[in-house]
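Read in this note's numbering, the sequence shown has 87 at position 97, and its numbers run on one by one without any break.
One structure is given below, encoded as structure tokens.
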Amino acid sequence: MKNNIKVIIKNSYELELQENAKKGDIINLKESIKLNMDIVQKNIHDQERKKIEDFFKKEKEEALKNFQNQKKLEIQKIIYEHEKNKMKLENEKNQEIYQLKLNRSYLNNKLIGEKLEKWCDNEIQNQMLILNDISWHKDNEIIKGSKADFIFKLYRNKEKKEDEILTSAILEMKSEIKNIDFFKKKQKNEQYFNKLNIDRQNKNLEFALLISELEYDQENDLPIKKVQEYEKMYIIRPPYLVTFLNIIIALARKNKELIYQIKRKKQGFKQEKEIRELFENMKNKILNNYLKKIEKNLNEIIKENKNIKKTAENILSSYQKIEHKTQIILAHHFKFLIKKIENFQIEKIIKKINQNKEIIKKYQKKV
């Protein structure tokens, strides 16, 4: 007996038996084709459905991605516009502030400069102009397009004759202008050295003094500092102006006394020259070497002060004591300085010179 065998048509070249078969069995193509068509239709349906699902899924993902990208761009645009407006407002604000500062710059510069000038003028008026042999006035004479702030002169007596000046100084006042132009570099003392020296030479004065509030933030700031590049030029902090003028007054008066003593004792030219040289050496020692000694002492105190400041805030009282100690040492040095000038005696020098002359005479007699 022959059996009808069911098969599945897999493709154009293959049939798959669905039952056991042997030789002589009949393949039932009708049912196999029907069954196969159902499977094929189902596969086609599944594939089409998957394609549709994949298509819509892809469309949905792309639409979502496009929406997200669009929203992201919109957000970025909003942020950019916000930052742009913010920067614009800040720039406008800064420009307005800067313009206001520029508009006030000249006035502030003039006011601050005049404030220091007025302070120095008041100090001299209150402390020194009681002396009738001193002249202090504004420098109003422009020579070769330049002038300073003040001129100081010490005369031989109260008659104040211009050919009897004992010492003199030209003074320039400089203040630090803060928060005026944040694009401008800070001023330095050295910017004014050459002009000050030219003003001193033009006015035929002995000393050039820069009364300065510039560069206060230097590591080892000194109240009085010699400018090594220029003759008889000094940087002076405002509180020490009167002190320095008292020093050069004491030197000038001692020099006048020496000249009088030399003439009274009728010393020879050689001895007079020797005395003058000794005094000039002492003068240089006081104004240069002694300032170095003060600098050394101050540096030691400043170093000690810094070490104490670093330890902690709880030793602030110790720091203040050292600051006070600095002021005491400065006052002591300057007081000693003036006293040393006043105690300079010509008699001792003359006595020594005369003794040397006697020794030379005795030696010549023996020879």
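All C-beta atoms, glycine included, are put in the ideal place defined by N, C-alpha and C.
It should be emphasised that the depicted structure is a prediction, and the values quoted were computed from it without experimental measurement.
Please identify the residue among Lys134, Asn179 and Arg39 whose C-alpha is closest to the C-alpha of Ile225.
Asn179
Extract the residue ranges of the alpha helix (DSSP H) inside the stretch 167 to 208, only unbroken runs of 4 or more that lie entirely within it.
183 to 193
Residue environment, Leu63, which counts as buried when at least 16 other CB atoms sit within 10 Å
exposed
Using a Cβ-Cβ cutoff of less than 8 Å, which residues in the same chain neighbour Lys151 once the five nearest sequence positions on both sides are dropped?
Tyr145
For Gln117, which residues of its own chain have a beta-carbon under 8 Å away from its beta-carbon, when the five flanking residues on both sides are left out?
Val232
Skipping 5 residues on each side, what residues in its chain have a beta carbon closer than 8 Å to that of Asp207?
none
Please report the straight-line C-alpha distance between Ile69 and Leu200, rounded to a whole angstrom.
55 Å
Residue burial classification, Arg190 (beta-carbon count within 10 angstroms, cutoff 16)
buried
Please tell me whether Met223 and Asn187 are closer than 8 Å, where the distance is taken between their beta carbons.
yes
Within 8 Å, strictly: CB atoms of Leu119 and Ser158:
no
Please state the DSSP three-state secondary structure of Lys128.
strand
Consult DSSP for Met118 and reduce its assignment to one of helix, strand or coil.
coil
Have a look at Tyr96 and Phe140 and give me their C-alpha separation to the nearest angstrom.
For Tyr96, the predicted structure reports a pLDDT of 45, less than 50, and the residue's modelled location is therefore unreliable. The matter cannot be settled from this model.
Taking DSSP as the reference, what is the three-state secondary structure of Ala159?
strand
Sort Asp36, Asn59, Gly135 and Lys143 by Cα distance to Lys128 and report the nearest one.
Lys143
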